[in-house]
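Student: One structure is given below, represented as structure tokens, and several questions about it will come after.
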Amino acid sequence: MPSNEVGREQKSRRFKDGVLRQAIVKVAQRCNLDCTYCYVYNRGDSSWANRPPVISERVIRRLSERITEHCRKFGFDSFTIELHGGEPLLVGHRHMRRILEILRATENVTIHFVLQTNGLLLDRAWVELFDEFEVCFGLSIDGPPEIADRRRVMRQDGSGSTEQLLAVISGLRRDVPEFRSVFGGCLCVIDPIANGAEIVDWFVKQGFSEFDLLLPNGNRANLPDEWQGPEPYRRFLLEAFERWYGLGEAAPRIRMLETMMTGLLGGDVYLDSLGGDLQMLCVIESDGSIGLSDVTRLCGGDCSHDRLNIFEHELSLHASDYEVMNLQTLCSTCASCPNLSACGGGYLPHRFDGQGFSNPSLYCDALFALADRMRTVIRRDLPEKLLCKLEE
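Structure follows, in structure tokens:
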């Protein structure tokens, strides 16, 4: 699928004012894969079926106008667009070019483009188009075929997709020089049966120097597939961390691990999966509806409404209409937790219990254990003088 979505860390990460600076634009509402864990198609939300399969130029033009209006109102001159789906490449080269042309021409605003794809349709023309418009794209891939193909299957016949994707990437790396300049990294959804260290090793062996680890989307009211509690995820994350940290300077960049370490060292954490402010991004559906982070649709209820649209409403209204600040309020357990700086309370959709979000994450035990291990490593390896400054 997912903010480069190696991605939903806002390009606006320097800002902490809660103002919208990123839109996830659903240019396609269909997908050529049928991933079993997908929050769009397989977690109970069917709103995609009632929307246009492909976004129209009319919607894109109105979005461009709304971005100009929004940036003028709040006094900034850049905005991030994440092209998303479904599978965004299903719109085709010609229509994607028009989308990029219209958005790039947004009045008085510099648009930063990122795109998330399953990669199966990538070819030279796509890479050259991304290079022309400075689109940074991320790939969704969950590891080796024996792991990834359990869940990332073709919609047409249920067969695995990983070998095909690896062949596509190998060819583009070899034959298209622009590939390296527009490729941002990978997203890997954690499989509870996988070994974290082996997954890190596999990405390194494949030549992927940047990737992220994602916990499967679910919550206490809508449990992930094969749920047997947080223990398999705790094990995986600790295995992955030990291997990553042990690689030293040769380690790949793993966004989740880097971000949590940054938080423990006193830095700011903006990643939405680690408690980042969801006021700073919205979703634009293919019919022009304005929504909260689309992953919250797995929670149902008010998170799934379509009251707002770009033809009648300002972009920034999503924050007040959804009462995002109230939704994000941490429960007392999280607010007083010694590891809050690392995980931020976890991803908002993972906190839902069927009634509300004022709960620890479904994955709290796993995140806490990982943060504790990181804290131990920091105390062991950082110079004492620096540790004293961090603890002041």
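Numbering of the sequence shown is given in the numbering used here, commencing with residue -14 and proceeding in unit increments. For every residue, glycine included, the Cβ atom is placed at its ideal position computed from N, Cα and C. No experiment lies behind these values; they were computed from the predicted model shown.
Which residues share a DSSP beta bridge with residue 139?
Tutor: Within the sequence shown, numbered from 1, the residue matching residue 139 stands at position 154. Answer is 18.
Student: At which residues does the beta strand (DSSP E) containing residue 269 begin and terminate?
Tutor: Against the sequence shown, residue 269 aligns to sequence position 284. Here the beta strand (DSSP E) through residue 269 covers 266 to 269.
Student: Just checking my contact of residue 92 with residue 53 at CB under 8 Å: how many whole Å lie between their CB atoms?
Tutor: Against the sequence shown, residue 92 aligns to sequence position 107. Against the sequence shown, residue 53 aligns to sequence position 68. Confirmed, Cβ separation roughly 5 Å.
Student: Among 166, 257 and 227, which has the Cα closest to the Cα of residue 355?
Tutor: Position 370 of the sequence shown, counted from the first residue, corresponds to residue 355. Among 166, 257 and 227, the Cα nearest to that of residue 355 is on 227.
Student: Whose CA, out of 221, 238, 248 and 124, lies closest to the CA of residue 100?
Tutor: Start at 1 with the first residue of the sequence shown, and residue 100 comes out as number 115. Checking every option, the nearest Cα to that of residue 100 belongs to 124.
Student: What's the gap between the Cα of residue -3 and the Cα of residue 260?
Tutor: Walking along the sequence shown from the start, residue -3 turns up at place 12. Walking along the sequence shown from the start, residue 260 turns up at place 275. Residue placement at residue -3 is poorly supported in this model, since its pLDDT is 38, which falls under 50; the coordinates still yield a value, given next. Going from the Cα of residue -3 to the Cα of residue 260 covers about 15 Å.
Student: Looking only at its chain, what residues have a beta carbon closer than 7 Å to the beta carbon of residue 113, apart from the 5 residues adjacent to it on each side?
Tutor: Here residue 113 refers to the residue found at position 128 of the sequence shown. These residues qualify, in order along the chain: 163.
Student: One question on the structure: do residue 72 and residue 27 come within less than 7 Å of each other, judged by their Cβ atoms?
Tutor: Your numbering for residue 72 matches position 87 in the sequence shown. Your numbering for residue 27 matches position 42 in the sequence shown. Not in contact: residue 72 and residue 27 (Cβ atoms no closer than 7 Å).
Student: Would a C-beta distance cut-off of 7 Å place residue 197 and residue 240 closer than the cut-off?
Tutor: Position 212 of the sequence shown, counted from the first residue, corresponds to residue 197. Position 255 of the sequence shown, counted from the first residue, corresponds to residue 240. The answer is yes: Cβ separation under 7 Å.
Student: If I follow the unbroken beta strand (DSSP E) through residue 8, where does it start and stop?
Tutor: If you number the sequence shown from 1, residue 8 lands on position 23. Residue 8 -> beta strand (DSSP E) spans 7 to 11.
Student: Taking only runs that begin and end inside the region 165 to 210, name each unbroken beta strand (DSSP E) of 3 or more residues, in chain order.
Tutor: 168 to 174 and 195 to 199, all fully within the region 165 to 210.
Student: State the DSSP-derived secondary structure class of residue 238, mapped to helix, strand or coil.
Tutor: Translated into the one-based positions of the sequence shown, residue 238 becomes position 253. Three-state result, residue 238: strand.
Student: Answer with buried or exposed for residue 204, where buried requires no fewer than 16 other C-beta atoms within 10 angstroms of its C-beta.
Tutor: By one-based count along the sequence shown, residue 204 stands at place 219. Buried: at least 16 other Cβ atoms inside 10 Å.
Student: Buried or exposed: which applies to residue 170, given that a residue is buried once 16 or more other Cβ atoms fall within 10 Å of its Cβ?
Tutor: Reading the sequence shown from its first residue, position 185 is the one you call residue 170. Burial call: buried.
Student: Measure the alpha-carbon distance for residue 95 versus residue 89 and round it to whole angstroms.
Tutor: Here residue 95 refers to the residue found at position 110 when the sequence shown is read from its first residue. Here residue 89 refers to the residue found at position 104 when the sequence shown is read from its first residue. Each residue's alpha carbon lies about 7 Å from the other.
Student: Please report how far the alpha carbon of residue 357 lies from the alpha carbon of residue 219, in whole angstroms.
Tutor: As a working mapping, residue 357 is identified with position 372 in the sequence shown. As a working mapping, residue 219 is identified with position 234 in the sequence shown. Looking at the two C-alpha atoms, the distance is approximately 11 Å.
Student: From residue 70 to residue 303, what distance separates their C-alpha atoms?
Tutor: Counting from 1 along the sequence shown, the entry for residue 70 is found at position 85. Counting from 1 along the sequence shown, the entry for residue 303 is found at position 318. So the alpha carbons of these two residues sit roughly 20 Å apart.
Student: What does the Cβ neighbour count give for residue 67, buried or exposed, with the cut at 16 atoms within 10 Å?
Tutor: Stepping through the sequence shown from its first residue, residue 67 is reached at position 82. Residue 67 is buried by the Cβ-count criterion.
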